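Engineer:
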Amino acid sequence: MSSNTPTEQRWARVAAEPFETTGPAGSFWRGTWGSVKAVWQRRELVWLLSRREVRARYKDSSLGMVWSLARPLAQLVVYYFAIGKVLGVSRAIPSFAIFVFIGLMGWTLLTEVVQKGTSSILSNAGLVKKVRLPREVFPLSAGGSAMFMFLVQCVILVVAVIVFDEIPAWTGLGYAVVGIAVLMILSYALALLLAGLNVYFRDIEHLVEVVFVVLFWASPIVYSFRFVHEFVGGTWIEQAYLANPVTAAIMGMQRGLWAPGGTESDLVVWPDDLALRLGIALAGALALLWFAQRVFARLQANFAQEI
Amino acid sequence: MSAPQIVRVDDLSKHFSLRKQKSLKEAALAAVRRGTAPDEFWALKDVSFAIDAGSTVGLVGHNGSGKSTLLKLIGGILEPTSGVVERRGRLAALLELGAGFHPDLTGRENIYLNAAILGLSRRETDQHMDEIVDFSGIEKFIDTQVKFYSSGMYVRLGFSVAVHVDPDLLLVDEVLAVGDEPFQRKCMNRITEFQREGRTIIVVSHSSGIVRQLCDRVLVLDGGSLVHDGDAQEGVDLLKALYRDQAALDLPTEERHTHAEATCRIDLVDATVTRHVGSTSLDVVVAVKVDHPMQAWGVKIALLTVDGVRLFDIDTFRLEQTLPDTAGVHQVRFRFDGIALGPGNYVVNAAVGPENAAAYDAIAAAASFEMPRMGQGNGLLHLEPQLDVSDSF
């Protein structure tokens, strides 16, 4: 066989490739691996789309990216002086500014990824309708700017911890790593699930906002777990409170990154077996991510005609 | 080597239901009210075909025939209700130019983004960057945000990226007619080059010109079914015939103006086309019912295209024909021998009245007739040119 001309080379290559089949959706339980591979192949696109979000956000401002530092810095200052010192909360929670900053950092990551993700299919309607892509790309990259903000906040946290001389013990860092992992997995799982559903029920976007306002108070972000424990300790309410994976994740972050978290003190209380709870939360988040992907795969078949 | 198959479509169907509720409230209400079924239809029904690499296939059909749905199914943007689509090779779907362009990013940044969306890696994009910018012809503005671009510049850049994605299979939806004339020529040249390189192109187009010029095979869809698969010219003719059927349904509706005190009225208007060997004739019959005897009246007719272009009008006064001054039903027949109209539908207006005053009774679009295809060529007229080819010295 001679394959000298470009045409023949091309045809030979095409002839050697197996056919790729699209047909009606198969089993609900199978196909995750294929989707993961497809998304992995388009990782460059996920990166570019995330960067588009971040760059477009600060494109026309003269200070540009510097603004992304401004809000978390302002927050830190407000919590340190206004609430910590002036209102005196820091007497009940040592290093209050850092404590709140960690909680808010985690919470913002969750809410931003979920909210941006939920509307991502609709806000990329043009692409969804016109280009063949693994649709998981959109919720993934919508969280890109939230991830970027999270990284910026991490940097600020490191600087703040050094400046205030509140360096946490190395031994607790594992809690923080698992806590952050739970939050990220959980937020992407929810983003996928809600992004798919939002195409069919446009109310979800707004519902999510309201639910988050309520849930904000269901995790120890601006108060510490000690208050909950003193109030409802030993009852089923405490157990219900602790069953929330976001609560476990945020406490994991506080335990690892907030210097007093690793010390023995009357002011610092953690639930028993926080490590086990984090492990369960991680497993649960992973299971939810898998389930969300399966639902998303089912729903995405009709995206192009439903938008 | 012989061309391998690149696309196989087997027994493909796509069902759409037009759900209108998009909110939880409406969905809940619909669930309670279950009685009303949503609007459902088959956009495609049992379509099968295979495409060999290197061919250029036109998908034609009128609006709602399912051609864009089919293209999206081949491109994997929609999933079929039943049946399968199999495809291989690198695919590029040009359903929209500049898909994913962000107005706040510069032309160059958008090239990277758009190329990534179409499946090019960063390294490949870097390789083609100069060609892409050069082909688009907007070097001067490439580092300007695209929100300041004119719509022409926008599509040029989009097209330029698209043709530099090295596809084996290119799906094109009505995007070939972009930019000014020189740019269009550039695009067409590029497509011809693609064909020479053995790439496969599937193009959806309304333009029979483009289809005839580019395609070696045409699939005609009508109401979701494949009604023709093969020769491009036959396909285009069939499509025209389908358009004609559609046009027959879209004929202008009859409109009547009757003078209040008129004592006569048009009873019937009929137009018949008869084909003879070598010529075609049209007969228009107008029957007028006269209640009271009257003098100096005439009948006027006009032939028009369906979109209202007046082709010809004539009346009995100009033909110096006096009509009977008695009561009763009188029939006036206009006969046009050797009528040389192109294929399609036409309508007849008819009126009865005095020579230079308002008509007693007038009916617009009183009758219609269809001219058959009598030879080659298209247009309002049917002509039979003589061809003579000689070498010029």
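Top line first, the protein sequences correspond to chains A and B. Oh and the first sequence: position 239 is 1729 in this note's numbering, straight run, nothing missing. Oh and the second sequence: position 110 is 458 in this note's numbering, straight run, nothing missing. We put the beta carbon where it would ideally sit given N, CA and C, even for glycine. Just so we're clear, the structure is a prediction, and the values are computed from it rather than from any experiment.
(1) Would you say B:M349 faces chain A, with C-beta separation under 9 Å as the test?
(2) Leaving out five residues on either side along the sequence, give the residues of the same chain with a beta carbon under 7 Å from the beta carbon of B:N726.
(3) Give every residue of the same chain whose Cβ lies closer than 6 Å to the Cβ of B:S573, excluding the five residues on either side of it in the sequence, and list them in chain order.
(4) Does chain B have any CB closer than 9 Å to the CB of A:R1469?
(5) By the 8 Å beta-carbon criterion, what residues does the segment 397 to 430 of chain B contribute toward chain A?
(6) Mind listing which residues of the segment 451 to 476 of chain B have their C-beta closer than 7 Å to chain A's C-betas, in chain order?
(7) Which residues in the same chain as B:G383 place their Cβ atom closer than 6 Å to its Cβ, once the five residues preceding and following it in sequence are excluded?
(8) Tell me where the beta strand (DSSP E) around A:Y1569 begins and ends.
(9) Using beta carbons (cut-off 9 Å, strictly below), is A:F1509 in contact with chain B?
(10) Counting only the same chain and skipping the five closest in sequence on each side, list residues whose C-beta sits under 7 Å from that of B:D570.
(11) Once the 5 residues before and after B:L729 are set aside, which same chain residues still bring their CB inside 8 Å of it?
(12) Would you give the residue range spanned by the alpha helix (DSSP H) that A:R1503 belongs to?
(13) How long is the line joining the alpha carbons of A:Q1795 and B:E479, rounded to whole angstroms?
(14) Given a cut-off of 9 Å, decide if B:V617 and B:A698 are closer than it, judged by their beta-carbon atoms.
(15) Which same chain residues end up closer than 8 Å to B:G676 when comparing Cβ atoms and leaving out the 5 residues on each side of it in sequence?
(16) Indicate the three-state DSSP secondary structure (helix, strand or coil) for B:L590 in the structure shown.
(17) Out of curiosity, what's the CA-to-CA distance linking A:M1491 and B:G578?
(18) Within 10 Å of its beta-carbon, does B:D746 have 16 or more other beta-carbons around it, so buried, or fewer, so exposed?
(19) So is A:Q1605 buried or exposed if we call it buried at 16+ other beta carbons inside 10 Å?
(20) Give the residues of chain B in contact with A:Q1795, contact being defined as C-beta atoms less than 8 Å apart.
(21) At the level of alpha carbons, what is the spacing between B:V584 and B:R533?
(22) Show which residues of chain B have a CB atom less than 8 Å away from the CB atom of A:E1534.
(23) Would you kindly work out how many angstroms separate the C-alpha atoms of A:F1706 and A:F1591, rounded to a whole number?
(24) Counting along the chain, where does the alpha helix (DSSP H) carrying B:I558 start and finish?
(25) Using a Cβ-Cβ distance cut-off of 9 Å, determine whether A:G1774 contacts chain B.
(26) What's the C-alpha gap between A:V1567 and A:A1560?
(27) Using a beta-carbon distance below 9 Å, is B:G546 in contact with chain A?
(28) What ranges does the beta strand (DSSP E) occupy inside the segment 377 to 463 of chain B, keeping only unbroken runs of at least 3 residues that lie completely in it?
(29) Hey, B:R356 and B:V405: beta-carbon distance below 9 Å or not?
(30) Give me the Cβ distance between A:E1543 and A:S1631, rounded to the nearest whole Å; I'm assuming they're in contact under 8 Å.
(31) In the DSSP assignment, the alpha helix (DSSP H) including B:T473 goes from what residue to what residue?
(32) DSSP three-state label for A:Y1713, please.
(33) Which one of B:F389, B:M349, B:A706, B:I399 has the shortest CA to CA distance from B:C563?
(34) So who's on the other strand from B:M719, going by DSSP bridges?
Structural biologist: If we stick to the structure as given:
(1) yes
(2) G690
(3) K393
(4) Residue 1469 of chain A cannot be examined here, being either before or after the span of chain A that is shown, 1491 to 1797.
(5) A401, G402, K420, L421, G423, G424, I425, L426, E427, P428, T429, S430
(6) D452, L453, Y460, L461, A464, I465, S469, R470
(7) Reliability fails at B:G383, whose pLDDT of 49 lies under 50, so the model's placement of it is uncertain and no value is given.
(8) A:Y1569 -> no beta strand (DSSP E), and no H or E assigned at all.
(9) yes
(10) Contacts found: G409, S413, L590.
(11) Excluding sequence neighbours, B:L729 sits near A688, L689, G690.
(12) A:R1503: member of the alpha helix (DSSP H) spanning 1496 to 1506, first to last residue.
(13) So the alpha carbons of these two residues sit roughly 36 Å apart.
(14) yes
(15) The beta carbon of B:G676 is closer than 8 Å to those of K637, V638 in its chain, skipping five residues each way along the sequence.
(16) helix
(17) Residue placement at A:M1491 is poorly supported in this model, since its pLDDT is 47, which falls under 50; the coordinates still yield a value, given next. For A:M1491 and B:G578, the distance between alpha carbons rounds to 30 Å.
(18) Here chain B has residues from 349 to 741 only, and residue 746 of chain B is not among them.
(19) buried
(20) Simply F364, L426.
(21) 23 Å
(22) The answer, in chain order, is A464, S469, R470.
(23) 14 Å
(24) 556 to 562
(25) no
(26) 11 Å
(27) yes
(28) Fully enclosed beta strand (DSSP E) runs of 3 or longer: 387 to 400, 404 to 408, 430 to 435, 439 to 442.
(29) no
(30) About 7 Å separates the two Cβ atoms, so the contact holds.
(31) 470 to 484
(32) coil
(33) B:I399
(34) In DSSP, B:M719 forms a bridge with B:G692.
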